[in-house]
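Residue numbering for the sequence shown is 1 to 202, as defined by our numbering. Every residue, glycine too, gets a C-beta built ideally from N, C-alpha and C. Have a look at the structure below, then the notes.
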Amino acid sequence: KATVSVLYCALCNFEMFRTLPCLGLVRPAFFNARGVKKNTSRASLVDMKAAQMGNNGRNGLKTFREMAEKGQWGRVHNGHFDWWMFPIEDGSQGQYNVLEMDVKELQADQEYMKNYREAVALVVRAWGWDIDEASPVSPMVQGMGWTSWDVRLAKITRSLWLFEQADYLASIQKFARTLKPNGGFRYGRINLDEILHMKLPR
(Lines of atoms letter the chains of each structure in order from A and count residues from 1; the text may use other names and numbers.)
(Lines give C-alpha, C1' and ligand atoms only; values in the text may rest on other atoms or scores of the structure.)
Protein backbone atom coordinates (compact mmCIF):
# COMPACT_ATOMS: atom_id res chain seq x y z
CA LYS A 1 0.00 0.00 0.00
CA ALA A 2 2.82 2.40 0.85
CA THR A 3 4.44 1.80 -2.54
CA VAL A 4 1.16 2.43 -4.34
CA SER A 5 0.58 5.59 -2.29
CA VAL A 6 4.03 6.98 -3.08
CA LEU A 7 3.64 6.10 -6.76
CA TYR A 8 0.23 7.76 -6.88
CA CYS A 9 1.45 10.93 -5.15
CA ALA A 10 4.29 11.11 -7.65
CA LEU A 11 1.93 10.82 -10.58
CA CYS A 12 -1.12 12.78 -9.43
CA ASN A 13 0.46 16.11 -10.39
CA PHE A 14 0.31 15.10 -14.04
CA GLU A 15 -3.10 15.65 -15.62
CA MET A 16 -2.41 12.85 -18.08
CA PHE A 17 -2.42 10.38 -15.16
CA ARG A 18 -6.14 11.01 -14.75
CA THR A 19 -6.76 9.78 -18.27
CA LEU A 20 -5.77 6.27 -17.14
CA PRO A 21 -8.13 3.74 -15.52
CA CYS A 22 -8.75 4.71 -11.89
CA LEU A 23 -7.52 1.41 -10.36
CA GLY A 24 -9.34 2.34 -7.16
CA LEU A 25 -7.03 5.26 -6.47
CA VAL A 26 -8.21 8.54 -4.98
CA ARG A 27 -6.24 11.77 -5.07
CA PRO A 28 -5.26 12.55 -1.47
CA ALA A 29 -7.29 15.25 0.26
CA PHE A 30 -5.76 18.67 -0.46
CA PHE A 31 -3.31 16.97 -2.80
CA ASN A 32 -2.24 20.32 -4.26
CA ALA A 33 -1.54 22.08 -0.95
CA ARG A 34 2.23 21.47 -0.85
CA GLY A 35 2.26 21.89 2.91
CA VAL A 36 -0.03 24.93 2.94
CA LYS A 37 -3.01 24.60 5.30
CA LYS A 38 -5.13 27.58 4.23
CA ASN A 39 -6.03 29.23 0.94
CA THR A 40 -4.91 32.81 1.58
CA SER A 41 -6.74 33.95 -1.55
CA ARG A 42 -10.06 32.46 -0.45
CA ALA A 43 -13.14 34.65 -0.11
CA SER A 44 -14.00 35.61 3.47
CA LEU A 45 -16.48 33.56 5.47
CA VAL A 46 -19.04 36.34 4.98
CA ASP A 47 -18.50 36.29 1.21
CA MET A 48 -18.56 32.49 1.07
CA LYS A 49 -21.93 32.49 2.81
CA ALA A 50 -23.26 35.25 0.57
CA ALA A 51 -22.19 33.33 -2.55
CA GLN A 52 -23.74 30.17 -1.14
CA MET A 53 -27.11 31.91 -0.82
CA GLY A 54 -26.80 33.52 -4.24
CA ASN A 55 -26.60 37.06 -2.87
CA ASN A 56 -23.95 37.86 -5.47
CA GLY A 57 -26.50 37.63 -8.26
CA ARG A 58 -25.40 34.12 -9.20
CA ASN A 59 -27.13 30.80 -8.74
CA GLY A 60 -27.28 29.77 -5.11
CA LEU A 61 -29.47 28.21 -2.47
CA LYS A 62 -32.20 30.83 -2.83
CA THR A 63 -32.41 29.99 -6.54
CA PHE A 64 -32.58 26.26 -5.82
CA ARG A 65 -35.35 26.77 -3.26
CA GLU A 66 -37.36 28.87 -5.68
CA MET A 67 -37.02 26.33 -8.48
CA ALA A 68 -37.97 23.51 -6.11
CA GLU A 69 -41.04 25.36 -4.86
CA LYS A 70 -42.18 25.97 -8.45
CA GLY A 71 -41.40 22.41 -9.50
CA GLN A 72 -38.86 23.67 -12.03
CA TRP A 73 -36.41 20.85 -11.42
CA GLY A 74 -35.19 20.84 -14.99
CA ARG A 75 -33.75 24.34 -14.52
CA VAL A 76 -31.56 23.50 -11.54
CA HIS A 77 -28.69 22.13 -13.59
CA ASN A 78 -28.79 24.84 -16.24
CA GLY A 79 -26.58 27.19 -14.24
CA HIS A 80 -22.96 27.19 -13.14
CA PHE A 81 -22.43 27.21 -9.39
CA ASP A 82 -20.20 24.31 -8.37
CA TRP A 83 -17.24 26.46 -7.28
CA TRP A 84 -18.95 28.30 -4.43
CA MET A 85 -21.72 25.82 -3.62
CA PHE A 86 -19.60 22.68 -3.32
CA PRO A 87 -16.00 23.81 -2.71
CA ILE A 88 -13.06 21.56 -3.50
CA GLU A 89 -9.33 22.20 -3.45
CA ASP A 90 -8.64 22.67 -7.16
CA GLY A 91 -11.61 24.45 -8.74
CA SER A 92 -11.02 26.94 -11.54
CA GLN A 93 -12.28 29.85 -9.40
CA GLY A 94 -9.55 29.96 -6.80
CA GLN A 95 -11.31 32.31 -4.41
CA TYR A 96 -13.66 29.46 -3.49
CA ASN A 97 -11.08 26.69 -3.19
CA VAL A 98 -10.57 25.13 0.22
CA LEU A 99 -7.63 23.58 2.01
CA GLU A 100 -7.56 21.89 5.40
CA MET A 101 -8.05 24.97 7.60
CA ASP A 102 -10.65 26.43 5.25
CA VAL A 103 -12.74 23.29 5.61
CA LYS A 104 -12.42 23.42 9.40
CA GLU A 105 -13.54 27.05 9.44
CA LEU A 106 -16.58 26.34 7.30
CA GLN A 107 -17.44 23.17 9.20
CA ALA A 108 -17.49 25.21 12.42
CA ASP A 109 -20.19 27.51 11.03
CA GLN A 110 -23.50 25.73 11.65
CA GLU A 111 -25.47 27.96 9.27
CA TYR A 112 -23.00 27.39 6.45
CA MET A 113 -23.10 23.63 6.89
CA LYS A 114 -26.88 23.49 7.18
CA ASN A 115 -27.21 25.41 3.92
CA TYR A 116 -24.44 23.36 2.30
CA ARG A 117 -26.31 20.12 2.98
CA GLU A 118 -29.62 21.59 1.83
CA ALA A 119 -28.02 22.67 -1.44
CA VAL A 120 -26.59 19.20 -2.00
CA ALA A 121 -29.98 17.65 -1.32
CA LEU A 122 -31.79 19.94 -3.76
CA VAL A 123 -29.26 19.64 -6.58
CA VAL A 124 -29.15 15.86 -6.31
CA ARG A 125 -32.95 15.71 -6.05
CA ALA A 126 -33.11 17.42 -9.43
CA TRP A 127 -31.28 14.32 -10.70
CA GLY A 128 -34.04 12.18 -9.22
CA TRP A 129 -32.16 11.03 -6.12
CA ASP A 130 -33.31 11.48 -2.51
CA ILE A 131 -30.01 11.86 -0.72
CA ASP A 132 -31.48 11.54 2.76
CA GLU A 133 -33.25 8.28 1.93
CA ALA A 134 -30.40 7.07 -0.31
CA SER A 135 -32.92 6.02 -2.93
CA PRO A 136 -34.60 7.30 -6.09
CA VAL A 137 -37.19 10.03 -5.68
CA SER A 138 -40.66 8.48 -5.79
CA PRO A 139 -42.67 9.54 -7.55
CA MET A 140 -40.41 11.33 -10.01
CA VAL A 141 -41.83 14.60 -11.30
CA GLN A 142 -41.37 16.43 -14.56
CA GLY A 143 -37.89 17.87 -15.01
CA MET A 144 -36.14 15.44 -12.70
CA GLY A 145 -33.55 13.09 -14.13
CA TRP A 146 -29.89 12.43 -14.72
CA THR A 147 -28.27 15.06 -16.95
CA SER A 148 -25.10 13.08 -17.73
CA TRP A 149 -23.10 15.81 -16.00
CA ASP A 150 -20.36 13.57 -14.63
CA VAL A 151 -18.07 16.42 -13.62
CA ARG A 152 -20.71 18.07 -11.41
CA LEU A 153 -21.39 14.75 -9.71
CA ALA A 154 -17.64 14.35 -9.19
CA LYS A 155 -17.26 17.82 -7.68
CA ILE A 156 -20.15 17.34 -5.27
CA THR A 157 -18.84 13.93 -4.26
CA ARG A 158 -15.31 15.19 -3.64
CA SER A 159 -16.64 18.18 -1.71
CA LEU A 160 -18.69 15.89 0.55
CA TRP A 161 -15.57 13.81 1.11
CA LEU A 162 -13.45 16.84 2.00
CA PHE A 163 -16.17 18.16 4.33
CA GLU A 164 -16.50 14.70 5.91
CA GLN A 165 -20.23 14.34 5.33
CA ALA A 166 -20.29 10.57 5.66
CA ASP A 167 -24.03 10.01 5.25
CA TYR A 168 -24.36 12.14 2.13
CA LEU A 169 -21.14 10.74 0.68
CA ALA A 170 -22.39 7.18 1.02
CA SER A 171 -25.72 8.14 -0.53
CA ILE A 172 -24.28 9.95 -3.53
CA GLN A 173 -21.87 7.08 -4.16
CA LYS A 174 -24.84 4.71 -4.15
CA PHE A 175 -26.49 6.99 -6.71
CA ALA A 176 -23.34 6.98 -8.83
CA ARG A 177 -23.28 3.19 -8.81
CA THR A 178 -26.89 3.05 -9.98
CA LEU A 179 -25.83 5.21 -12.94
CA LYS A 180 -22.61 3.42 -13.85
CA PRO A 181 -22.04 0.29 -11.76
CA ASN A 182 -18.69 -0.37 -13.43
CA GLY A 183 -17.49 3.23 -13.48
CA GLY A 184 -16.82 5.22 -16.60
CA PHE A 185 -17.35 8.72 -15.23
CA ARG A 186 -15.39 11.19 -17.31
CA TYR A 187 -14.78 14.83 -18.10
CA GLY A 188 -13.36 14.77 -21.58
CA ARG A 189 -10.30 12.53 -21.29
CA ILE A 190 -10.17 12.85 -17.49
CA ASN A 191 -11.19 9.78 -15.51
CA LEU A 192 -13.49 10.66 -12.59
CA ASP A 193 -13.99 7.18 -11.17
CA GLU A 194 -12.23 8.11 -7.92
CA ILE A 195 -15.69 9.16 -6.69
CA LEU A 196 -16.59 5.49 -6.30
CA HIS A 197 -13.63 4.80 -4.01
CA MET A 198 -13.63 7.69 -1.51
CA LYS A 199 -14.01 6.56 2.09
CA LEU A 200 -14.49 8.21 5.46
CA PRO A 201 -12.75 8.60 7.76
CA ARG A 202 -9.94 9.61 5.45
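Is it a yes or a no for the stretch 22-41 touching the stretch 99-118, going by three-plus beta-carbon pairs under 8 Å?
In short, these stretches touch, since the Cβ pair count reaches three.
Under three-state DSSP, which class holds residue 117?
Sequence index remark: in the sequence shown, residue 117 carries index 117 (1-based). It is helical.
Among 26, 129 and 37, nearest to residue 139 - alpha-carbon criterion
Start at 1 with the first residue of the sequence shown, and residue 139 comes out as number 139. Per the Cα distances, 129.
Whose CA, out of 178, 199, 197 and 45, lies closest to the CA of residue 107?
Looking up residue 107 in the sequence shown gives position 107. The shortest C-alpha separation from residue 107 is found at 45.
Rounded C-alpha distance that separates residue 49 from residue 131:
Against the sequence shown, residue 49 aligns to sequence position 49. Against the sequence shown, residue 131 aligns to sequence position 131. Distance between the alpha carbons of residue 49 and residue 131 is about 22 Å.
To the nearest angstrom, how far is it from the Cα of residue 93 to the Cα of residue 189?
One-based indexing of the sequence shown puts residue 93 at position 93. One-based indexing of the sequence shown puts residue 189 at position 189. When rounded, the distance between both Cα atoms is 21 Å.
Mind checking who residue 130 pairs with in its DSSP beta bridge?
Numbered from 1 along the sequence shown, position 130 holds the residue referred to as residue 130. Answer by DSSP bridge pairing, in chain order: 135.
Starting from residue 169, follow the alpha helix (DSSP H) in both directions and report where the run begins and ends.
The count along the sequence shown starts at 1 and reaches residue 169 at position 169. It spans 166-179 - the alpha helix (DSSP H) in which residue 169 sits, taken as one unbroken run.
In terms of residues, what are the limits of the alpha helix (DSSP H) holding residue 64?
On the sequence shown, position 64 is the one that residue 64 refers to. Residue 64 -> alpha helix (DSSP H) spans 61-69.
Other residues of its chain near residue 181: CB distance less than 8 Å, five sequence neighbours each side excluded
By one-based count along the sequence shown, residue 181 stands at place 181. Contacts found: none.
Since residue 77 and residue 147 should fall inside the 8 Å C-beta cutoff, what is the C-beta to C-beta distance between them, to a whole number of angstroms?
The residue you call residue 77 lines up with position 77 of the sequence shown. The residue you call residue 147 lines up with position 147 of the sequence shown. Contact annotation, residue 77 with residue 147: C-beta distance approximately 5 Å; criterion of less than 8 Å satisfied.
Pull up the DSSP beta-bridge partners for residue 187, would you.
The sequence position of residue 187 within the sequence shown is 187, counting from 1. Answer is 190.
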